[in-house]
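Numbering (my numbering), first residue to last: 13 to 260. In this text, a Cβ means the ideal position worked out from N, Cα and C, and glycines have one as well. Quick caveat: nothing in here was measured; it's all calculated off a predicted structure. Okay, structure first, notes after.
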Ligand SMILES: NC(=O)c1ccc[n+]([C@@H]2O[C@H](COP(=O)([O-])OP(=O)(O)OC[C@H]3O[C@@H](n4cnc5c(N)ncnc54)[C@H](OP(=O)(O)O)[C@@H]3O)[C@@H](O)[C@H]2O)c1
């Protein structure tokens, strides 16, 4: 097991990619605390599966859009699990609409969750990693942030922002032995993808050289790798997991 004795924190761990990440980290030996927004039942089920692996687990209802809430969550998790070795900033939302139709709320909700949430959560746990003189931060970006996708000006902007944040922080905290990397999935089979209209889904699939959408577990594998000792000399990197769709 690659992560025995480590403590991991994952935001948005109740379903989709976050769920697969929580289970992947636990399978490799990590104790895992994760947050969710609304899906209590789904979160309880993930917590049950982690406990079945023999790992400690905390499922915490928390909104990453609130800085105050995240400070409280960090105190709660660190009080219970004692440390944080791995932080996976996964929580994210889409509010797809062409720009002319996009409301200020569509814009601000995506930026508040995907970008300000990243700031709120990272800031809440970073001091502890600095104290520990080590840690792994892995942020979920998207190929939408690289290529830009029609109907996603808000989302593409937020996910491009995740890449800039990742590289700037990687430079800031390298001296403390903390690595900061990003993973950019392409289209992955989760509830997020179900919000995309069928015609657009077909067009998206045609863009994938491997000819299919990805599975949450295939993204989780990349996250687990970046969290493991095998990735000790990798920081500020963007690992694209998209079946080749964003190749250029
Ligand atoms: N699926 C894709 O094709 C794809 C592609 C590229 C990148 N990504 C990125 O990968 C990440 C995960 O995507 P996904 O497809 O797994 O999403 P998903 O299935 O929609 O799950 C989103 C998760 O985030 C949580 N969440 C949402 N808003 C939150 C908030 N304000 N505070 C805390 N938690 C919140 C949700 O909790 P509740 O269930 O409680 O609401 C849920 O656990 C996102 O950052 C996404 O942008 C996804």
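- The alpha-carbon of residue 255 is positioned some 18 Å away from that of residue 28.
- Where residue 197 is concerned, the enclosing beta strand (DSSP E) starts and stops at 190-197.
- Residue pairing from DSSP leaves residue 76 without any beta-bridge partner.
- Here the alpha carbons of residue 49 and residue 239 stand approximately 24 Å from one another.
- A direct Cα-to-Cα measurement between residue 207 and residue 257 gives close to 20 Å.
- Under the DSSP definition of a beta bridge, residue 99 partners with 21 and 149.
- Per DSSP, reduced to three states, the secondary structure at residue 46 is strand.
- Straight across, the Cα-Cα distance linking residue 24 with residue 219 is about 28 Å.
- With 16 or more neighbouring CB atoms inside 10 Å of its own CB, residue 228 falls in the buried class.
- In this structure residue 209 is exposed. Its beta-carbon is surrounded by fewer than 16 other beta-carbon atoms within 10 angstroms.
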